[in-house]
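Q: Just dropping this structure here.
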Amino acid sequence: MPTITEDCIDGFQQYYSRPPERPKKKSLKQMIHDVDDNSYFGRTIESWAKIGIFYIAFYGVLGALVAICMWAFFQTLDPRIPKWTLDSSLIGTNPGLGFRPLPPVDNVESTLIWYKGTQHENYKHWTDSLDDFLAVYKVPGLTHGRGQNIYNCDYNQPPPKGQVCDVDIKSWSPCTKENNYSYHKSSPCIFLKLNKIYGWIPEYYNNSNDLPENMPGSLKTYISEIEKTQAHKLNTIWVSCEGENPADQENIGAINYLPIRGFPGYFYPYQNSEGYLSPLVAVHFQRPKRGIIINVECKAWARNIIHDRKERIGSVHYELLID
């Protein structure tokens, strides 16, 4: 049995014993490949192989499941027919109205068309913008599938199945490229376009005795004349452009619409046919007052088009200023 003295000596020796030696720091080369145990980053080749096989199998199965789900999902879709249409879709059944040309991209929120009358550099942006927008109407090859399937439609000749109506903008003088869309004469042309809604069928105002009270008088007169002389053209989505306020109405001057005052009904319903292009209406402001901003509101007219100035549905607003 150890004595008290021996216990004290043993405790003293343990207290002052040399601490265990720490392993030497490994160099970067040793961390990558340790030749002593033939490991890479602390793991042997066999260990890394097992990890690699596990992740390849895991992500392979995961990718296969995603691919199967996507394949099943796409089997429910048609490349030409939207899954949700009309009331079931986010777009709804009330088409909007758009205008061209648009202001420069650095002022994208603006709706002001502003230039100085006779100087080409001042209206160059607007005519170039229209050139770009109308290029697909002039060159069929720019639109996929548009070529041999173009048909010269008329109210009595709707397009056959598999064909699309032509939009012949070359004869819409003075709203043509060769005439600078009349911008150089301070009487610009603005092009209107109705937004596309798949399957939407317009309900026409084709009876002059049954027109809405808030329809402009000039449009009512126009419909009455068409009814008397060209009744076959009554199936049209009519268009009106006028000043928003009394002062604007005084300053806007005479307006002409090309080729007719609306979108012909034979373009509808839109069914996403290959090569289809939306119909256009060129609005020619013949003598707008210069040096003052004119607020313009254009509307599309059909029984199933609702107008809401605040929400900008069924209509479009822009300003015109010619210095």
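Residues in the sequence shown are numbered from 1 upward in steps of one, following the UniProt record's numbering. Built from N, CA and C at the ideal position, the CB exists for glycine as well.
1. Taking three-plus beta-carbon pairs below 8 angstroms as touching, is the region 120-130 in contact with the region 170-190?
2. Look up Asn209 in the DSSP assignment and say whether it is helix, strand or coil.
3. Check for me: the alpha helix (DSSP H) holding His120 runs from which residue to which?
4. Quick check on the DSSP output: the alpha helix (DSSP H) that includes residue 329 runs from which residue to which?
5. In three-state terms, what does DSSP make of Lys228?
6. Please specify which runs of the alpha helix (DSSP H), each continuous and at least 4 residues long, are wholly inside the region 143-175, giving them in chain order.
7. Does DSSP put Leu77 in a helix, in a strand, or in coil?
8. Can you tell me where the alpha helix (DSSP H) with Ala247 in it begins and where it stops?
9. Is DSSP giving Gln242 helix, strand or coil here?
10. Gly275 to Ala72, Cα distance in whole Å?
11. How many angstroms separate the CA atom of Trp301 from the CA atom of Leu277?
12. To which residues of the same chain is Asn295 closer than 6 angstroms at the C-beta, ignoring the five residues directly before and after it?
13. CA-CA distance, Leu280 and Gln75?
14. Determine, using beta carbons only, whether Cys175 and Leu258 come nearer to each other than 8 angstroms.
A: Working from what's here:
1. yes
2. coil
3. Segment 120-138, the alpha helix (DSSP H) holding His120.
4. With the chain covering only 1 through 323, there is no way to say anything about residue 329.
5. Lys228: helix per DSSP, three-state reduction.
6. none
7. Leu77: coil per DSSP, three-state reduction.
8. 246-251
9. According to the sequence provided, residue 242 is Glu. The question's Gln does not apply to it. In this structure, Glu242 counts as strand in the three-state DSSP scheme.
10. Spanning the two alpha carbons is a distance of roughly 29 angstroms.
11. 20 angstroms
12. Glu244, Asp248, Glu319
13. 35 angstroms
14. yes
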